[in-house]
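Right, one structure below, let's go through it.
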Amino acid sequence: MYVNDCVRELDCDVTMFADEIKISNVIRNAVDEERLQVKPNRLQTWSKDRLLQFNENKCSILRVGRPSSQNPMIYSLNGIQLQGVDPQKELGLWITASLKPLLHCAKVAKSAISALYLVQRAFCAFDKYRNAKVFGTFVRTKLEFVIQGWRLSALF
Numbered sequence: 001m002y003v004n005d006c007v008r009e010l011d012c013d014v015t016m017f018a019d020e021i022k023i024s025n026v027i028r029n030a031v032d033e034e035r036l037q038v039k040p041n042r043l044q045t046w047s048k049d050r051l052l053q054f055n056e057n058k059c060s061i062l063r064v065g066r067p068s069s070q071n072p073m074i075y076s077l078n079g080i081q082l083q084g085v086d087p088q089k090e091l092g093l094w095i096t097a098s099l100k101p102l103l104h105c106a107k108v109a110k111s112a113i114s115a116l117y118l119v120q121r122a123f124c125a126f127d128k129y130r131n132a133k134v135f136g137t138f139v140r141t142k143l144e145f146v147i148q149g150w151r152l153s154a155l156f
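So, in structure tokens, the structure goes:
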């Protein structure tokens, strides 16, 4: 049995990573919203046929872009309403509805500054060589991780 089989019947963009499935679809009107609800229904049928259960508490919805209607549809899986989230952390990257990297950059910068203060408190004096090694190990690696957020903003 392959988990990849569960997405074959879905006629939308699907991204899979480990045990996560992400379904994406452009919503322009109420008909598109109803079509999107069909996808979780198909996944529900697939899971019941194979006796594999989804953890509905870990399922959520992230609406990206401007809202297409004042009253967006409430999606469900196995009769349980899926919660809307903003922001969502995906593989270490914070994604917001606006797709702007501000939140991700702020969180990474805060983490790097915390690491810098910790390094400064732990080590009283450095020579140039040790300072570069410690900074590169504990602080620079965190700052390099912010690049994924900047790259995402360049794409959109």
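Under the UniProt record's numbering, the letters of the sequence shown match residues 1 to 156, in that order.
C-beta: ideal position from N, C-alpha, C; glycine also.
> Is the beta carbon of I61 sitting closer than 8 Å to the one on G84?
Replying inline: Cβ atoms of I61 and G84: closer than 8 Å.
> Tell me the DSSP bridge mates of G84?
Replying inline: For G84, which the question treats as bridged, DSSP gives the partners I61.
> How many angstroms separate the CA atom of D32 from the CA atom of C105?
Replying inline: For D32 and C105, the distance between alpha carbons rounds to 33 Å.
>> Does F135 come out as helix, strand or coil in the three-state DSSP assignment?
In response: Of the three classes helix, strand and coil, the one that applies to F135 here is helix, per DSSP.
> How would you label Y75, buried or exposed, when you count the other beta carbons within 10 angstroms and need 16 or more for buried?
Replying inline: Burial state of Y75 is buried, judged by a 10 Å Cβ sphere holding 16 or more other Cβ atoms.
>> Could you give the first and the last residue of the continuous beta strand (DSSP E) run that contains S98?
In response: No beta strand (DSSP E) holds S98; DSSP gives it neither H nor E.
>> Give me the DSSP bridge partner(s) of I23.
In response: According to DSSP, I23 bridges with V14.
>> For a test of the three-state rule: what should DSSP assign to residue 160, helix, strand or coil?
In response: Since the first residue shown for the chain is 1 and the last is 156, residue 160 is missing from the structure and cannot be characterised.
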